[in-house]
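Chemist: Following my numbering from start to finish, the sequence shown increments by one per residue and tops out at 191. Backbone N, C-alpha and C fix where the C-beta goes; we use that ideal spot for every residue, glycine too. All figures in this text were calculated on a predicted structure; none of them were measured in a lab. My structure is below; once you've seen it, I'll send some questions.
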Amino acid sequence: NVSYLFGSIQNQRSVIMPPGYYAFNTQLNNTTRFSDIYLDYGAQYAHTIRKHKGRTMKEPVKLHFGINFAAQTKVNAVMDTLNFNYYTNASGSTVYPTDTIERSNNSHGTVTFPLTLGAGIGFKKGEKWLLAADFAIQNWSTYQSFNQSQGLKNSIRTSFGLQYTPGTIAASGDYMRRVQYRIGG
7 NVSYLFGSIQ NQRSVIMPPG YYAFNTQLNN TTRFSDIYLD YGAQYAHTIR KHKGRTMKEP
67 VKLHFGINFA AQTKVNAVMD TLNFNYYTNA SGSTVYPTDT IERSNNSHGT VTFPLTLGAG
127 IGFKKGEKWL LAADFAIQNW STYQSFNQSQ GLKNSIRTSF GLQYTPGTIA ASGDYMRRVQ
187 YRIGG
């Protein structure tokens, strides 16, 4: 798959001092805009079993196997930064900036997206039953934005699903017999 990534991520963090400390609060703002191509790869194989122990089966069984992979990828990005000290009115509803700590526009750099690896298997009996399972990992601990680690944790995802179709999809007549009923988690 070839994807074109575009859009932005806005991050805002504040350091708020307790009343009576006579210190300014600080607000840190970053906007990162993406614009680059992203690649991921996959393969799928299906095998149909028509005979079991020398006898032809009434309903063929299909086994589906799949894998997907996306290498750790550096994507071009542009960042705008505005960090400043401020104080608020007594209710805290209005911000009054006092001084700018850092301001930069259109800083060019990269964002490193993590390695992604996944695999799945499916079992289909005739046209009525389909059972599938999937597993994927993403190495988010290697994610970096402009050469700065973001402190993210790796993710693991497992999922499964079951589908039942009472009749055939192509059959005419009762609509409820053509509906595919699904459940998964």
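Assuming Asn31 and Asn89 are in contact, meaning their beta carbons sit under 8 Å apart, how far apart are those beta carbons, in whole angstroms?
Modeler: Indexing the sequence shown from 1 puts residue 31 at position 25. Indexing the sequence shown from 1 puts residue 89 at position 83. About 12 Å separates the CB atoms of Asn31 and Asn89; that is not less than 8 Å, and the two are not in contact.
Chemist: On the three-pair Cβ rule with 8 Å, is the segment 65-75 touching the segment 128-142?
Modeler: yes
Chemist: Could you tell me the boundaries of the beta strand (DSSP E) in which Tyr187 lies?
Modeler: Taking the first residue of the sequence shown as position 1, residue 187 is located at position 181. Residues 187-190.
Chemist: Any idea what DSSP makes of Met182, helix, strand or coil?
Modeler: Numbered from its first residue, the sequence shown carries residue 182 at position 176. Three-state DSSP puts Met182 in a helix.
Chemist: With Ile135 as the anchor, note down where its beta strand (DSSP E) starts and where it stops.
Modeler: The sequence position of residue 135 within the sequence shown is 129, counting from 1. The amino acid occupying residue 135 in the given sequence is Trp; Ile does not appear at that position. First-last of the beta strand (DSSP E) with Trp135: 135-144.
Chemist: Looking at C-alpha atoms only, which residue of Gln150, Ala142, Thr54 is the closest neighbour of Ile162?
Modeler: In the sequence shown, the residue the question calls residue 162 occupies position 156. Ranked by how close their Cα comes to the Cα of Ile162, the residues Gln150, Ala142, Thr54 have Ala142 in first place.
Chemist: Which word fits Met6, buried or exposed, when buried means at least 16 other C-beta atoms lie within 10 angstroms of its C-beta?
Modeler: Not covered by the structure: residue 6. The range shown for the chain is 7 to 191.
Chemist: Per DSSP, Gly167 is paired with what?
Modeler: The count along the sequence shown starts at 1 and reaches residue 167 at position 161. Answer is Ala138, Gly190, bridged to Gly167.
Chemist: Would you give the residue range spanned by the beta strand (DSSP E) that Gln79 belongs to?
Modeler: What you label residue 79 is simply residue 73 of the sequence shown in a count that begins at 1. According to the sequence shown, residue 79 is Thr rather than Gln. Element bounds for Thr79: 79-94.
Chemist: Tell me the DSSP secondary structure of Thr148 in three-state form.
Modeler: Looking up residue 148 in the sequence shown gives position 142. In the structure shown, Thr148 sits in a helix (DSSP, three-state: H, G or I).
Chemist: For Met63, which three-state DSSP category applies?
Modeler: Counted from its first residue, the sequence shown places residue 63 at position 57. Strand.
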